[in-house]
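Single-structure report; data block below.
Chains as they are written, first to last, in this note's numbering: chain W, 22 to 117; chain D, 2 to 138.
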């Protein structure tokens, strides 16, 4: 095993240790969750972080494509904005 | 319900702590300056920033939902959403922009300052997100 191999294994272990910690905390929190939305939010959050870490460790992520990653963030936030605006419009429909 | 409105603030620290842990591990494990260690540091830091970005996006979605649900009128909701989007969120987005750009620069360079700058930018944006979401390790 080379030094690089060892470092990679440690990096993977560290990453999954972090993900495992998140999962453990999420599971513990689920016990205290009081609404279905809370459960959904926890699961969405856990899935997002684990997917992100897994994609990075699998080598699918390209460090040098900064603009693509920034665009991804902007797209996600724009989608959130549209959803919140639509929800607000649905909750308070405009008058005739 | 108060519990629901507080909920996104309870989730964010878990995400960010994970991302921060990965970044810190990367920094500690790969503080030397060999090429492979440099690559590993950049990669691990990049994964941490991506994790923080995706976690922040989920928090943002739920935070906006909570703002919408707590509004008592359409105008109040629009104002509250605008305040969040224009006054609080831009600093976080800018932090991610700087982190990604410095990481990209470090990936194409071989000097220590670029690597340290990239890791510092990553930690800065993670800290900024923690501050916004009220998260604490």
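Each residue gets a CB set at the ideal place from its N, CA and C atoms; glycine is no exception. Given the structure is predicted, the values throughout are model-derived calculations rather than measurements.
When you compare each of 112(D), 110(D), 49(D), 88(D) to residue 133(D) by their alpha carbons, which one comes out closest?
88(D)
Could you give the DSSP three-state label for residue 113(W): helix, strand or coil?
coil
Residue 134(D) in three-state terms, based on DSSP:
helix
If we cut at 9 Å on Cβ distances, does residue 55(D) have a partner in chain W?
yes
Is the CB of residue 120(D) under 9 Å away from at least one CB in chain W?
no
Given a cut-off of 9 Å, decide if residue 97(D) and residue 94(W) are closer than it, judged by their beta-carbon atoms.
yes
Assigned exposure category for residue 115(D) - 16 Cβ within 10 Å defines buried
buried
Beta-carbon proximity of residue 43(D) to residue 92(D), cut-off 9 Å
no
Where residue 88(W) and residue 130(D) are concerned, what is the direct C-alpha to C-alpha distance, given to the nearest angstrom?
20 Å
Could you check whether the Cβ of residue 74(D) sits closer than 9 Å to any Cβ belonging to chain W?
yes
Mind reading off the beta-carbon distance from residue 50(D) to residue 101(D)? Whole number of angstroms is fine, and I expect it under 8 Å.
7 Å
Please state whether DSSP places residue 112(D) in a helix, a strand or coil.
coil
Buried or exposed for residue 54(D), please, with buried defined as at least 16 other CB atoms from any protein chain shown within 10 angstroms of its CB.
buried
Answer with yes or no whether the minimum CB distance from residue 131(D) to chain W is below 9 Å.
no
Buried or exposed: where does residue 92(W) fall if 16 or more other Cβ atoms within 10 Å of its Cβ makes it buried?
exposed
Taking the alpha helix (DSSP H) that residue 87(D) belongs to, which residues open and close that run?
Per DSSP, residue 87(D) belongs to no alpha helix (DSSP H) and is neither H nor E.
I'd like to know whether the C-beta atoms of residue 79(D) and residue 109(W) end up nearer to each other than 9 Å.
yes
I need the straight-line Cα distance from residue 64(D) to residue 122(D), nearest angstrom please.
25 Å
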